[in-house]
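Plus 643 on top of the position in the sequence shown (first one is 1) and you've got the numbering used here.
No residue lacks a Cβ here, since even glycine has one placed at the ideal position from N, Cα and C.
Scroll down for the structure; my scribbles are underneath it.
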Amino acid sequence: MYSVMGTVNMTFPLWGLVIFIVWTIAVVVSLIVVRIRHLSAGGSVKDFATPNDESLLWRLYRVQANLVENLPLYLGVVFLLTVRGVFGTAVDSLVVAYIGFRLAHSLIHIAGLNPLYRVFCLGIQFVCLVALIVLAVF
644 MYSVMGTVNM TFPLWGLVIF IVWTIAVVVS LIVVRIRHLS AGGSVKDFAT PNDESLLWRL
704 YRVQANLVEN LPLYLGVVFL LTVRGVFGTA VDSLVVAYIG FRLAHSLIHI AGLNPLYRVF
764 CLGIQFVCLV ALIVLAVF
């Protein structure tokens with residue numbers, strides 16, 4: 644787990660954190676591009692916070708907010724796993740599942756698909772987080 648210099652080696656949970664952060668940045672950049680295009684087409688700044696599930700602008704805004712809301716939860720789990728030195732196949736599998744369903748959740752929301760698919764993805768993510776916490780603590 645630790646390298647010669649005393650730093651922590653990159654683990655699945657840490658790589659998952661990298662992916663989560665990069666994905667969040669990509670969504671923010673996409674949101675900025677869509678906002679600029681909206682304003683360039685004569686749209687109003689007031690439209691940025693107007694709930695409208697038909698609007699890509701609104702869906703990207705909600706995806707970005709959702710990512711920012713969930714990042715601290717995953718960050719906390721990664722912290723626990725790293726500090727406690729917990730790793731292995733179970734941790735790696737749960738991290739892959741969590742990140743995969745986190746990305747799927749975002750893509751489903753961006754595409755404007757049935758919200759029940761998002762709920763399913765969110766449920767799987769929470770199961771993964773709880774399992775990772777249990778592995779980190781016990």
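Can you give the Cα-Cα distance for residue i and residue j, rounded to whole angstroms?
i: V726; j: T693; result: 42 Å
i: L660; j: P758; result: 25 Å
i: A779; j: F663; result: 20 Å
i: N695; j: Y741; result: 28 Å
i: W701; j: F691; result: 7 Å
i: G719; j: V734; result: 14 Å
i: V665; j: A747; result: 15 Å
i: V762; j: L775; result: 20 Å
i: R684; j: T654; result: Reading off the sequence shown, one finds Ala at residue 684, where the question assumed Arg. In a straight line, the C-alpha of A684 is about 45 Å away from that of T654.
i: F722; j: I679; result: 36 Å
i: G731; j: A708; result: 31 Å
i: V777; j: I675; result: 38 Å
i: L699; j: F769; result: 26 Å
i: V688; j: Y760; result: 30 Å
i: V729; j: G686; result: 50 Å
i: I753; j: F781; result: 37 Å
Grab the span of the alpha helix (DSSP H) containing residue i for me, first residue to last.
i: V721; result: L699 to R727
i: V773; result: P758 to V780
i: A733; result: T732 to A754
Our contact map puts residue i next to residue j with C-beta atoms below 8 Å; I'd like the distance itself, whole angstroms only.
i: L710; j: V677; result: About 16 Å separates the two Cβ atoms, so there is no contact after all.
i: V738; j: P656; result: 5 Å
i: I751; j: C764; result: 7 Å
i: V706; j: V651; result: No, V706 and V651 are not in contact; Cβ-Cβ is about 30 Å, not under 8 Å.
Residues in its own chain within less than 8 Å of residue i by CB, not counting five upstream and five downstream?
i: E697; result: G755
i: L716; result: L772
i: I668; result: none
i: L724; result: T654, P656, F730, V734, L775, L778 and A779
Which residues in the same chain have their Cβ closer than 6 Å to the Cβ of residue i, if we skip the five residues on either side of it in sequence?
i: I767; result: F744
i: W658; result: none
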